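Asks:
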Amino acid sequence: MIPFPLSFASARPRSRGLASLALAAGLAVLPTAHPLRAQTAPGGAAPPASTATATPALNATGPAASPAAAPATGTTAPAASAAPFKIDTGDTAWMLTSAALVLMMTIPGLALFYGGMVRKKNVIATVAQSFAITAVVTLTWFVCTYSIAFGANPSPSANRFWGGTANFMLKSVSMDKPYQIAGATLTIPEYVYMMYQMTFAIITPALVCGAFAERFKFSALLLFTMLWSIFVYAPIAHWVWGGGFLGGLGVLDFAGGTVVHINAGVAGLVCALVLGPRKGLGHDNMAPNNLVYTMIGASLLWVGWFGFNAGSAVGANALAGAAMANTQIATAAAALSWMAVEWWHRKTPTLLGMASGAVAGLVAVTPASGFVNPTGALWIGLIAGAGCYASAVWLKNAFKYDDSLDAFGVHGVGGFIGALLTGVFADAAINPAGKVHSVLTQFEGCVGTIVWSGVVTFLILMVCKFTTGLRVTEEQEVMGLDLALHGEAMHD
Amino acid sequence: MIPFPLSFASARPRSRGLASLALAAGLAVLPTAHPLRAQTAPGGAAPPASTATATPALNATGPAASPAAAPATGTTAPAASAAPFKIDTGDTAWMLTSAALVLMMTIPGLALFYGGMVRKKNVIATVAQSFAITAVVTLTWFVCTYSIAFGANPSPSANRFWGGTANFMLKSVSMDKPYQIAGATLTIPEYVYMMYQMTFAIITPALVCGAFAERFKFSALLLFTMLWSIFVYAPIAHWVWGGGFLGGLGVLDFAGGTVVHINAGVAGLVCALVLGPRKGLGHDNMAPNNLVYTMIGASLLWVGWFGFNAGSAVGANALAGAAMANTQIATAAAALSWMAVEWWHRKTPTLLGMASGAVAGLVAVTPASGFVNPTGALWIGLIAGAGCYASAVWLKNAFKYDDSLDAFGVHGVGGFIGALLTGVFADAAINPAGKVHSVLTQFEGCVGTIVWSGVVTFLILMVCKFTTGLRVTEEQEVMGLDLALHGEAMHD
Amino acid sequence: MIPFPLSFASARPRSRGLASLALAAGLAVLPTAHPLRAQTAPGGAAPPASTATATPALNATGPAASPAAAPATGTTAPAASAAPFKIDTGDTAWMLTSAALVLMMTIPGLALFYGGMVRKKNVIATVAQSFAITAVVTLTWFVCTYSIAFGANPSPSANRFWGGTANFMLKSVSMDKPYQIAGATLTIPEYVYMMYQMTFAIITPALVCGAFAERFKFSALLLFTMLWSIFVYAPIAHWVWGGGFLGGLGVLDFAGGTVVHINAGVAGLVCALVLGPRKGLGHDNMAPNNLVYTMIGASLLWVGWFGFNAGSAVGANALAGAAMANTQIATAAAALSWMAVEWWHRKTPTLLGMASGAVAGLVAVTPASGFVNPTGALWIGLIAGAGCYASAVWLKNAFKYDDSLDAFGVHGVGGFIGALLTGVFADAAINPAGKVHSVLTQFEGCVGTIVWSGVVTFLILMVCKFTTGLRVTEEQEVMGLDLALHGEAMHD
Amino acid sequence: MAVIKPFKVDDVRESLTAAGVDGLTITEVKGYGRQKGQTEIYRGAEYAINFLPKVKVEVVVADDLVERAVEIIRAAAHTGKIGDGKVFVLDVEKAVRIRTGETGGAAL
Amino acid sequence: MAVIKPFKVDDVRESLTAAGVDGLTITEVKGYGRQKGQTEIYRGAEYAINFLPKVKVEVVVADDLVERAVEIIRAAAHTGKIGDGKVFVLDVEKAVRIRTGETGGAAL
Amino acid sequence: MAVIKPFKVDDVRESLTAAGVDGLTITEVKGYGRQKGQTEIYRGAEYAINFLPKVKVEVVVADDLVERAVEIIRAAAHTGKIGDGKVFVLDVEKAVRIRTGETGGAAL
Ligand SMILES: Nc1ncnc2c1ncn2[C@@H]1O[C@H](COP(=O)(O)OP(=O)(O)O)[C@@H](O)[C@H]1O
Ligand SMILES: Nc1ncnc2c1ncn2[C@@H]1O[C@H](COP(=O)(O)OP(=O)(O)O)[C@@H](O)[C@H]1O
Ligand SMILES: Nc1ncnc2c1ncn2[C@@H]1O[C@H](COP(=O)(O)OP(=O)(O)O)[C@@H](O)[C@H]1O
């Protein structure tokens, strides 16, 4: 969300760093040898005096973005202390609202988006997954993952990998100081920032559910979610946003294309491969039970995504407005792009296609929303709509994995498209932090997430397999998960 | 939304201007002879020194309303430059939120409101209309209609009719200056204002769908929406809000009763007349398939309308609070008024009646919300509820057009009732800009919209007729639009 | 919402006062003999100079909470006038948003939560109750209940019991001054505060509907709601929040556990007892018709409750953030706690159980949200989830009343649990106003509400019984209320 | 085969099983008959609901049980109000249990 | 018993009641036959819909009315397009009105 | 007429059409029999689900095909687990194709 000190790292050490990361992640060992310029963070922390003092109320690029724009000299620190950051009620109001919007994305948004797509006998079980995940991640966040992701580890070298235990149980969350993160001072209280970030931690595993819908055990879901939020989401969030080593790479990711979407998409692919396809796939009619639910879900995702993307400006400012505009344009373009390709390919423009395209656009514009201009957003949307259509319709069938509701096809692929295109379309006129941008850097930025997410997700699935078990029995699958797992049924 | 320089025009030139407008619009020729006091705009732009400096933080009537209250002398300009407008994070936070709320009105709000009312075989196609319109209008807005509606045409005489091409593709949208519109300076960034206005442009054609539900071709819908948003919505928005010639008439329209509701209602009537009735009307049972969807839709319209009306204060201030209160009161009154009339007339109080009445109240209070006091809002609601019941139940049957879901009956008639009653109930204690008000002026203000919307909608329908065609085949209508147009069906 | 002058009263006079209250309420006579320290309000009104001036922009504990922290000497008044309160756009933006969120809790939130739980033949009638209540309470609020609850009665002694008639028809609501309530000055306009409070007045009677679902007459509902909002809700709101005698007791109730939830729960219990059980209870299958609706409802209640609880900070500040965090944590804990108990007890974790638990957690954390720390919220959630499970499953069957959808079981019991535990877990580090806290005081605070609500609800039911009648005929109950009362049916 | 009021289904099932009938099949149907339907109202348009919800109970029994089954259904589904429904007796030539292939009385 | 197109139900009911048939029962069914179904499309997966929505009309009439009833249904449900459906005649041995216990023709 | 498990519908249809049966009609029904139902749980209240979802297949065939059709359905719907359902054979006196007026075997 905060486009942190992104533009300092030079290309060389970065790519070497990543190579070792890929290796290390495969071995589940954390590399400690490459500094990766984490030390630039303090310099990036000081708000540029000129911006901060000349336009205190204007706040166009905002304190959120300004660290990246600051010369990394450290000389601006005195100016910053002369004009100390304060909590701004307007910024805080928007972030409180954004937290509510992003929570609404998961429940009821995503629950309905997915719930409408399964067969009727599984609709309760499917919406129950989003609901349960919301509850489980809230508690892991409270207990430890907020601290792991956003805690300030007293040891700078350890801090490159995790945030430490200082905020376990939300200890030491301040009631009166503006929140400081990775060296930058925001204009909102820490509780608000913590809540906003929690809603991101909630939606990410909920997105994964699309891949294993209609066959995953509920007990496995609870355990999987708990472990995944601790061992996959929290570290990656720390590396990118919490002051960890990925934040310094120069990767542009405004609102979480990598941490949220590529991460969830890859995890989904692993789940789909490990679980195997649903019984009857290719033979039974697996038509969505209720596309009105899916439409409601897609719409609430769309509306709520304003909190996701525009909220990632961490303030009520012009950057938030631009992010909102980019979100809207890319989403509309992707909805029409998917529809057009489908119309040409299958002779029919479907509602599910438009809704899927819209979500693909939302995903793809996520990393770009605060960096590109509207024309860039248009292109991102057009490409993402067509690209995700191809992945959901063609790739899936070609490789014969059963990514039931296209968690990988839309979030993985869409997130990847968006990450790369952010490197193409970033426009410094929208956000000075996007001045330096490169497709290669963006690509490298994705690799760490992909490897870590893929490997650790697999390990967690193995843990579940030998404790709760992964998949319902064939009889339960035929009967439907609603009755089999929850003793409930739709009576309409 | 911004009740712009409304109170300057004297009655005489205005009515002569309108007479020629009616004539000219009929001929689709824009009148250029009558200045209509567009030149007062610059004077109106300067915030009145007294208000602006005495209560800088209070912002009760706000910068949005203040231009209208400013003496048109131009002498206040120095005071204004001495206390320059700045971007206010609180106002910006509320406008970001309002944009999200108004988008939520269309998807999923209106989609569900309409989707619940059709027969089950058409529910997917009906919600798909709102969804597709959201996407199409977003792109036309990006490409050209924002510029046409809100661009500042360098030529003052041309500016009276359209905003020009300067903001095509959202070129030149500023990231750092408070937005200026029609001579007034707001306290929010242009991107935020642009997004907020976009959501109005989206909902207006979506409202029209109620008139042609259950029989319009999807391809026709896409073309119609594109053309209509360019040639009907954008010009009218410019005339009223963008500095065009209607804004100077002294018509009071706080949040878009004319531009949005009368406009959509009239277009709907034309569509219903051109398309003809649904097959089986009066014989088949056309009962709503799912009034729970309709209830969700009406509720989200209600909640989202706070963004529509209170957002039209363009700031988080007492005027927004008053507009919210008026909205709530008129809506509740209209819901109960429709219910009461129906109870008396049909011996049964229906949920559909309450929901319809609520929407009628929302529509009617739209132009009035920032001008009247709560007692005025009560009367507007009571009259609109009963009046729209009469139009939806009696007028429609008397004239035998098939306005399927009462787009004209609720939005056209409700908008008209609200426009007139704003002239009756405007209270300067709520908004000084409403000091001068007259039912006659309000009536005249509607005429331009009615004529332009009616004529150009008809022309666009003719274009569609000879390209995409307008209506599905009889067989498709019997089969249902869900399967026939989208290859999808409800499976519950 | 505003935790008013809570910490001054000493235990002795308080408990004596309550004893007479219990007696007096039983007789429906208002006690006037015990001053209950209402005279401390003016002293408490002045914002403490130190807090207000040292952290004007931080606003951590906010003006809302600060009166309670002020030394009751009255000497701070000059300081207060030296640094006058102003309307803050950020606080106002958040309160406008919160009003929208809380309205969304009732429609469509609560409507769907309840509508999904009834049998299919009653779903329209059930959602119609929430919708109608929204309209009716809006008008009573406008006409008289805002004035009764929040008017400033010119007579101080009468003001202890009701707010008088000064704001009938919303007369004298100010457009330009920051709102003052019970001696405190807020940072938002009165219209915004009035709207926010209205949404609380709406949801409270709507919650009661859960107790009499599937058998109450619609005409009785309208009359009941009108009378109940005037004679039960408005006085209690005044006593606790409007400057009345309960506010001075030292009871901690941040967002309305007593006024809203215990009140609604007790009224529901009385309704269930008076109406008797549904025909066929214990024999017919009364399974919920659509748990997806219930899930949507629970989710919107959850999201909207951020407006309810975090909004009760009456500003966009750290206290709002903490309240939001506590809300989230308690809700998640309660959802999982209910689920776990049910899993153990019935061998099945249900979606309805998680949703019910979530609502139980939301209810229980309501009084505590601005006083406890997250660990306290966790405990409140865990206890409320299990406790409400016991009351909805066991207590109801043991005592054989038919609280159809557990209005008492969840809101009454959950509210009570939350009220007591607020006395256990209040943490002055979160809110200085919670420094003095005691379970006993909390208990006493509930008693007045329980007695008044119970007795007057019963009287109102008797009025309905002899005018509109209370219950539908047996034939109508068998046919279903949708067709019988509203002439409408679900066609899906 | 019988057409009955929906809320009588459980009574009928209980009575039949008490009489030793081990299986039956029900279908939600709509019936038109002497019983007057309700009126639905939508924005002033009234639709007379001619078809009322009923449940069709199909139970195949051995020939010697037919009389008793008819009587049992009649008794259990009776309310005395119009719309109670009908019992129709049809001749089933053969019955086969899919699981086992048993036929005739053994299949029921 | 007849299987017909859903939108013909009202026509059939009206024609039958005009001919003095006082009661009938309808069921929503799905039919497979010569009429080609639609295709449903979901994210590129195409599902051929083999079963089309039809309505089954069950009407029990006195023996002498059977011929006329068949003819009435045929005429009323006719569109001439494929998929119009079938009328099947089955023998009902006995009919009982639950409300009154009447049997035979009086029960219809 | 047969009552079968819902997920066997496609198998039955395919087997029948392979055998030259051109049309059939299915209905969603609920069956009560030896197969134990599930329990639904709502806020602690347990409801035993006595009626399980089944599908009724109605297929009218020429007399000489009856035996084969019964056998085909039996084979295709068989799982061997309790609840597989039944096939009942009824005598159809007459069949009429609405579209053409054809009767008898030609109408099927
Ligand atoms: N001739 C008939 N054929 C088939 N079903 C019939 C016939 N007559 C009545 N029914 C069924 O019986 C139900 C009850 O019939 P109705 O005339 O309303 O009341 P009653 O059973 O008291 O005579 C009808 O709704 C219909 O479903
Ligand atoms: N042999 C049969 N047994 C039962 N139902 C049949 C049979 N043949 C056709 N039907 C029903 O009749 C409907 C219409 O048949 P179809 O072959 O499509 O057209 P047509 O009636 O014009 O010959 C089918 O959808 C099916 O419901
Ligand atoms: N006597 C009967 N009359 C009508 N339908 C029956 C009868 N017996 C069984 N059925 C139907 O057959 C289904 C399967 O029967 P069941 O006893 O559960 O298992 P099985 O077919 O293995 O004997 C039941 O659900 C019911 O729909």
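Residue numbers (my numbering), protein chains in the order written: chain U, 1 to 492; chain F, 493 to 984; chain L, 985 to 1476; chain X, 1477 to 1584; chain A, 1585 to 1692; chain D, 1693 to 1800.
For every residue, glycine included, the Cβ atom is placed at its ideal position computed from N, Cα and C.
These numbers come from a predicted model, not from an experiment.
1. Measuring straight from C-alpha to C-alpha, what distance separates D1160(L) and I1313(L)?
2. One question on the structure: do G1281(L) and L1467(L) come within less than 8 Å of each other, judged by their Cβ atoms?
3. Would S172(U) be called buried (16 or more neighbouring beta carbons within 10 Å of its own) or exposed?
4. Report whether the distance from the Cβ of G1562(X) to the nearest heavy atom of ligand 1 is below 7 Å.
5. Could you list which residues in chain F have their beta carbon closer than 8 Å to that of G1520(X), in chain order?
6. Taking the alpha helix (DSSP H) that E1598(A) belongs to, which residues open and close that run?
7. Between T1242(L) and G1429(L), which are expected to be in contact by the criterion C-beta below 8 Å, what is the C-beta distance as a whole number of angstroms?
8. Here's the rule I'm using: 16 or more other beta-carbon atoms within 10 Å means buried, otherwise exposed. How should N889(F) be labelled?
9. For Q1730(D), is the beta carbon positioned less than 7 Å from some heavy atom of ligand 3?
10. Does the beta-carbon of G1793(D), which I'm using as the reference point, lie nearer than 7 Å to any heavy atom of ligand 2?
11. Decide if K1748(D) is buried, meaning its Cβ has at least 16 other Cβ atoms within 10 Å, or exposed.
12. V610(F) to T327(U), Cα distance in whole Å?
13. First and last residue of the beta strand (DSSP E) that includes L1716(D)?
14. Taking only three categories from DSSP, how would you classify A335(U)?
15. What residue range is occupied by the uninterrupted beta strand (DSSP E) comprising P670(F)?
16. Ignore the nearest five residues each way along the sequence and tell me which others in F1780(D)'s own chain have a CB closer than 6 Å to its CB.
17. List the residues of chain D that S1340(L) touches, going by C-beta distances under 9 Å, in chain order.
18. Are three or more beta carbon pairs between the segment 267 to 283 of chain U and the segment 958 to 966 of chain F nearer than 8 Å?
19. Where DSSP assigns a beta bridge to K1640(A), which residues make up the other side?
20. Relative to ligand 3, is the shortest distance from any of its heavy atoms to the C-beta of K1746(D) smaller than 7 Å?
21. Note down, in chain order, every chain U residue with its Cβ under 8 Å from the Cβ of I625(F).
22. Just to check, is the beta-carbon of G1725(D) closer than 7 Å to a non-hydrogen atom of ligand 3?
23. So L275(U) contacts chain A; which residues on that side make the cut at Cβ distance below 8 Å?
24. Please classify D898(F): is it buried, with 16 or more other beta-carbons within 10 angstroms of its beta-carbon, or exposed?
25. Once the 5 residues before and after R1726(D) are set aside, which same chain residues still bring their CB inside 6 Å of it?
26. Mind listing the chain F neighbours of G1471(L)? Cutoff is C-beta to C-beta under 7 Å, in chain order.
27. Three-state secondary structure (DSSP) at F1134(L)?
28. Given the structure, does R1681(A) come close to ligand 1, in the sense that its CB is under 7 Å from one of the ligand's heavy atoms?
29. Hey, which unbroken runs of the alpha helix (DSSP H) at 4 residues or more fall wholly within the segment 682 to 707 of chain F?
Replies: Reading it off the structure:
1. Residue numbering aside, residue 1160(L) sits at position 176 when the third sequence is read from its first letter. Residue numbering aside, residue 1313(L) sits at position 329 when the third sequence is read from its first letter. Computed Cα separation, rounded: 38 Å.
2. Taking the third sequence and counting its residues from 1, the one referred to as residue 1281(L) is at position 297. Taking the third sequence and counting its residues from 1, the one referred to as residue 1467(L) is at position 483. No, Cβ-Cβ distance for G1281(L) and L1467(L) is not below 8 Å.
3. The residue labelled residue 172(U) in the question sits at position 172 within the first sequence. Exposed is the call here.
4. Locating residue 1562(X) in the fourth sequence gives position 86, where the first residue counts as 1. One detail in the question is off: residue 1562(X) reads as Lys in this sequence, not Gly. The answer is yes for K1562(X).
5. What you label residue 1520(X) is simply residue 44 of the fourth sequence in a count that begins at 1. Simply E834, H837, R838, Y881, A884, V885, W886, N889.
6. As a first step, residue 1598(A) is located in the fifth sequence; it is residue number 14 there, counting from the start. Note, E1598(A): alpha helix (DSSP H), 1593 to 1602.
7. Your numbering for residue 1242(L) matches position 258 in the third sequence. Your numbering for residue 1429(L) matches position 445 in the third sequence. Right, the Cβ-Cβ distance comes to about 6 Å (below 8 Å), so this counts as a contact.
8. What you label residue 889(F) is simply residue 397 of the second sequence in a count that begins at 1. Flag for N889(F) reads exposed.
9. Working through the sixth sequence from its first residue, we reach residue 1730(D) at position 38. It does not: the Cβ of Q1730(D) is nowhere closer than 7 Å to a heavy atom of ligand 3.
10. Position 101 of the sixth sequence, counting from 1, holds the residue named residue 1793(D). Flag unset: Cβ of G1793(D) not near ligand 2.
11. Working through the sixth sequence from its first residue, we reach residue 1748(D) at position 56. Burial call: buried.
12. To locate residue 610(F), count along the second sequence from 1; it is residue 118. To locate residue 327(U), count along the first sequence from 1; it is residue 327. The alpha-carbon atoms of V610(F) and T327(U) are separated by roughly 31 Å.
13. Taking the first residue of the sixth sequence as 1, we reach residue 1716(D) at position 24. Segment 1716 to 1724, the beta strand (DSSP E) holding L1716(D).
14. Looking up residue 335(U) in the first sequence gives position 335. Helix at A335(U).
15. Position 178 of the second sequence, counted from the first residue, corresponds to residue 670(F). Taken as a continuous stretch (DSSP letters only), the beta strand (DSSP E) holding P670(F) covers 670 to 673.
16. To locate residue 1780(D), count along the sixth sequence from 1; it is residue 88. Excluding positions up to five away in sequence, the list reads M1693.
17. One-based indexing of the third sequence puts residue 1340(L) at position 356. Under the 9 Å cutoff, chain D gives R1735.
18. no
19. As a first step, residue 1640(A) is located in the fifth sequence; it is residue number 56 there, counting from the start. Note: K1640(A) sits in a beta bridge opposite V1587(A), T1611(A).
20. If you number the sixth sequence from 1, residue 1746(D) lands on position 54. K1746(D) Cβ: within cutoff of ligand 3.
21. On the second sequence, residue 625(F) is found 133 positions in, with the first residue counted as 1. The premise fails here: I625(F) is roughly 10 Å from chain U at the closest Cβ pair, so nothing lies under 8 Å.
22. One-based indexing of the sixth sequence puts residue 1725(D) at position 33. Checking every heavy atom of ligand 3 against the Cβ of G1725(D), one is found closer than 7 Å.
23. Sequence index remark: in the first sequence, residue 275(U) carries index 275 (1-based). None at all; the shortest Cβ gap to chain A is about 19 Å.
24. Sequence index remark: in the second sequence, residue 898(F) carries index 406 (1-based). Under this definition D898(F) is a buried residue.
25. One-based indexing of the sixth sequence puts residue 1726(D) at position 34. Hits under 6 Å: I1774.
26. Reading the third sequence from its first residue, position 487 is the one you call residue 1471(L). Chain F residues near G1471(L): T840, T842.
27. Residue numbering aside, residue 1134(L) sits at position 150 when the third sequence is read from its first letter. The answer is helix: DSSP assigns F1134(L) an H, G or I state.
28. Counting from one through the fifth sequence, the residue named residue 1681(A) turns up at place 97. It does: the Cβ of R1681(A) is within 7 Å (strictly closer) of some heavy atom of ligand 1.
29. 682 to 704
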